[in-house]
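The structure appears below as structure tokens.
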Amino acid sequence: MVSRGTTQQSSAPYNRRIVLDVIRRHGSIARREIVDLVSLSPQTVANITNDLQTIGLIVARRVKGAKSRGQPPIAFELNPNAGNSIGISLEPGRVSAGLVNLVGEILERREVDIDTHDQRRVLETVMGLIRELRRRPAAAERLWGIGVALPGPLVKTDISFIGPTTLEGWSDLSVLDELRDASRLQVFYSVDSVAAALGESLFGVARALDNFFYMHFGVGLGGTLVVNRSAYRGANGNATEIGHIPAVPGGKPCYCGNAGCLERYLSVQSLAEALGVSEALDRDALIVAALERNTDAALQAWCREAAERLRDAVCVIENLLDPLTIVIGGSAPKLLVERLVALAEPLHHSVRGGVASPTTRIVLSERQEDSSILGAAVLPIYDLLSPRFEVLQQDRRAEADVAGLLGQRGTRRAGRL
Ligand SMILES: [Zn+2]
Numbered sequence: 001m002v003s004r005g006t007t008q009q010s011s012a013p014y015n016r017r018i019v020l021d022v023i024r025r026h027g028s029i030a031r032r033e034i035v036d037l038v039s040l041s042p043q044t045v046a047n048i049t050n051d052l053q054t055i056g057l058i059v060a061r062r063v064k065g066a067k068s069r070g071q072p073p074i075a076f077e078l079n080p081n082a083g084n085s086i087g088i089s090l091e092p093g094r095v096s097a098g099l100v101n102l103v104g105e106i107l108e109r110r111e112v113d114i115d116t117h118d119q120r121r122v123l124e125t126v127m128g129l130i131r132e133l134r135r136r137p138a139a140a141e142r143l144w145g146i147g148v149a150l151p152g153p154l155v156k157t158d159i160s161f162i163g164p165t166t167l168e169g170w171s172d173l174s175v176l177d178e179l180r181d182a183s184r185l186q187v188f189y190s191v192d193s194v195a196a197a198l199g200e201s202l203f204g205v206a207r208a209l210d211n212f213f214y215m216h217f218g219v220g221l222g223g224t225l226v227v228n229r230s231a232y233r234g235a236n237g238n239a240t241e242i243g244h245i246p247a248v249p250g251g252k253p254c255y256c257g258n259a260g261c262l263e264r265y266l267s268v269q270s271l272a273e274a275l276g277v278s279e280a281l282d283r284d285a286l287i288v289a290a291l292e293r294n295t296d297a298a299l300q301a302w303c304r305e306a307a308e309r310l311r312d313a314v315c316v317i318e319n320l321l322d323p324l325t326i327v328i329g330g331s332a333p334k335l336l337v338e339r340l341v342a343l344a345e346p347l348h349h350s351v352r353g354g355v356a357s358p359t360t361r362i363v364l365s366e367r368q369e370d371s372s373i374l375g376a377a378v379l380p381i382y383d384l385l386s387p388r389f390e391v392l393q394q395d396r397r398a399e400a401d402v403a404g405l406l407g408q409r410g411t412r413r414a415g416r417l
């Protein structure tokens, strides 16, 4: 589905976002095709593409090999050099950062293993990584801001900041205000599963999907429902926290105080416990080595049980939400996710069975290990590239700010971000 333009005067920034959105989704598209898709007049589309070119958000290229008389047709593309944003992924025991351009390419990437209990050390580490990234030549382009992805739930709930799959010991996110002051950049933040889902929606395997469910398989397990390319947030921004859904009656005790939570069976933390790997350091390497050997009885038993839980979870998600597909991403080693998905076949019967092809009921992210960084980096630009007004809540740009970024006269210009 493509959003339609509107002729109301107040909708000019909205129309620009619609045109940008169509260009992004197609990668490269001629003006004539844009007109057909967005229901705006040829003149309006021409004005918008001219303006977007002038401010450098898109570039025009002659279409090679086109067999038309006269001038070869011109196609528009997002300008990868229009600017970058910095994505920061905070996970228990690890801080990762990347410099990401407007077409979702990670230009530079850094990763540091640290004790994330200590907020002060986290802030110092993040600032160090940002300084390194800003020294890169690519950072000389406009910087849209910093996005931070961190494990949820975020507001104070019964189960926030508790246990080894969260930023344990944190009580609030005031450190992000300090990050904004220290970096002098706008800072946007979100639960990691929401950020990564938006990343998949803009630049990943879900770029053509209006709705899907995103499963974030990392140290813990999270999820996000994307509807009309907006993340469904719930009452307090903690919707679809699937890691703490009861999955096994009377099962393994969970840090949240309940027992048998899905995350106790389906997460890197759960596997690390089964293998007796306690240190976050080198944990992924040890897991991958064990998977490649595939001789460890504890590993095989864990995989069989985790695949059962995954099969059940897919059935619950499908019957509850009827998503076009379930995308699985997160920081878990791709080899592990592939193994579990293969073992979860055949999937249970559900409302998606017989409708979706077996290969589209579950789709793996192509950016598995990078999905949090990419998602975080998308937060400062999502409102710019998405025609939806209701996308983000506490982390969204002001409307006037977006209009300025889109080159609208009479509003605050970008550059002071
Ligand atoms: Zn739990």
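Just so you know, we're using my numbering here: the sequence shown kicks off at 1 and counts up by one. Think of the CB as a built atom: it goes at the ideal place given N, C-alpha and C, for glycine as much as any other residue.
- Where T224 is concerned, the enclosing beta strand (DSSP E) starts and stops at L221 to V227.
- By the Cβ neighbour-count rule, Q43 is exposed, with fewer than 16 other Cβ atoms within 10 Å of its own.
- With a threshold of 16 other beta carbon atoms within 10 Å, T295 falls short and is exposed.
- Excluding sequence positions up to five before and after V100, its CB lies within less than 8 Å of the CB of N84, S85, I86, G87, I106, L107, I373, L374, A377 and V378, all in the same chain and listed in chain order.
- Remark: three or more beta-carbon pairs, one from each stretch, lie closer than 8 Å, so the segment 297-314 and the segment 340-351 are flagged as touching.
- Contact between the segment 179-189 and the segment 217-226 is absent: fewer than three C-beta pairs spanning the two stretches fall below 8 Å.
- Within its own chain, the residues whose Cβ lies closer than 8 Å to the Cβ of R121, once the five positions on either side in sequence are excluded, are I114 and D115, listed in chain order.
- Shown here for S160: same chain residues with a beta carbon closer than 8 Å to its own, the five before and five after excluded, namely G152, P153, L154 and T166 in chain order.
- The DSSP-derived three-state label of E77 is strand.
- At a threshold of 7 Å, H348 does not count as near ligand 1, since its beta carbon sits no closer than that to any of the ligand's heavy atoms.
- Judged by DSSP secondary structure, N101 falls within the beta strand (DSSP E) whose first and last residues are R94 to N101.
- Shown here, D401 sits in a helix according to DSSP, grouped into three states.
- Bridge partners of P246 according to DSSP: C261.
- Note: P253 is bridge-paired with A259 in the DSSP secondary-structure output.
- At least one heavy atom of ligand 1 lies less than 7 Å from the C-beta of C256.
- Counting along the chain, D115 sits inside no beta strand (DSSP E), nor does DSSP assign it H or E at all.
- Counting along the chain, I159 sits inside no beta strand (DSSP E), nor does DSSP assign it H or E at all.
- Taking the CA atoms as reference points, W170 sits about 30 Å from R135.
- Residue state for W170 is assigned as coil, using DSSP reduced to three classes.
- Here the segment 305-324 does not lie against the segment 190-202, with fewer than 3 beta-carbon pairs under 8 Å apart.
- If you check the C-beta of H244 against ligand 1, you find a heavy atom less than 7 Å away.
- Between A149 and S201, the gap from beta carbon to beta carbon reaches 8 Å or more.
- Taking the CA atoms as reference points, R142 sits about 7 Å from A82.
- As the crow flies, the alpha-carbon of N236 is around 15 Å from that of L173.
- Taken atom to atom, the span from the alpha-carbon of L384 to that of G329 is near 24 Å.
- With respect to T49, R32 sits apart: the two C-beta atoms are not nearer than 8 Å.
- Excluding the 5 residues flanking it on each side, A12 has same chain C-beta neighbours closer than 7 Å at Q408, in chain order.
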